Amino acid sequence: MYNFVYFVSKDYSLNVTHYNALLRLYLQNEWDFSPLKLLLDMKNNEIHPDDLTYQTCMEYYCMKGNVSEALVLLEDMQRMQIPVVKSIFNLLLIGYSKSG
5 MYNFVYFVSK DYSLNVTHYN ALLRLYLQNE WDFSPLKLLL DMKNNEIHPD
55 DLTYQTCMEY YCMKGNVSEA LVLLEDMQRM QIPVVKSIFN LLLIGYSKSG
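So for the sequence shown, the working numbering puts the first residue at 5; every next one is plus one.
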């Protein structure tokens, strides 16, 4: 998240693609972050998360075995009428297997 502070302070116009790229980098580098905080930051900047944003955040939670937080995101996706695809359910299966 701190990577974006520079761009925001310089009035660059960020969009959902920038956040999705940041999320992907966080996952690839096993960076510890708060998906909920990132989503809140996006909403505060009037950037609407898309299906990829939610899927990547859910992947983070599920890889950590934190299914309860992933389910919160699933409910948010449904509330926003974002389609829930097969890969989301696959992530939940991984999450449940890691949580014991």
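Cβ coordinates follow ideal geometry from the N, Cα and C atoms, glycine included. Keep in mind that this is a model prediction, so the values were computed, not measured.
Residues of its chain near residue i, where Cβ-Cβ distance is below 6 Å and the 5 sequence neighbours each way are ignored
{"i": "Tyr-16", "result": "none"}
{"i": "Lys-102", "result": "Gly-69"}
Test item: CB-CB of residue i and residue j under 8 Å
{"i": "Leu-78", "j": "Val-89", "result": "no"}
{"i": "Leu-97", "j": "Glu-63", "result": "no"}
{"i": "Cys-66", "j": "Gly-99", "result": "yes"}
Run of the alpha helix (DSSP H) containing residue i, from where it starts to where it stops
{"i": "Asp-45", "result": "39-48"}
{"i": "Gly-99", "result": "90-103"}
{"i": "Met-81", "result": "71-83"}
Beta-carbon contacts of residue i that lie in its chain and below 8 Å, excluding the five residues immediately before and after
{"i": "Thr-57", "result": "Val-20, Tyr-23, Asn-24, Leu-27, Leu-43, Met-46"}
{"i": "Trp-35", "result": "Leu-29"}
Residue burial classification, residue i (beta-carbon count within 10 angstroms, cutoff 16)
{"i": "Gln-59", "result": "buried"}
{"i": "Tyr-30", "result": "buried"}
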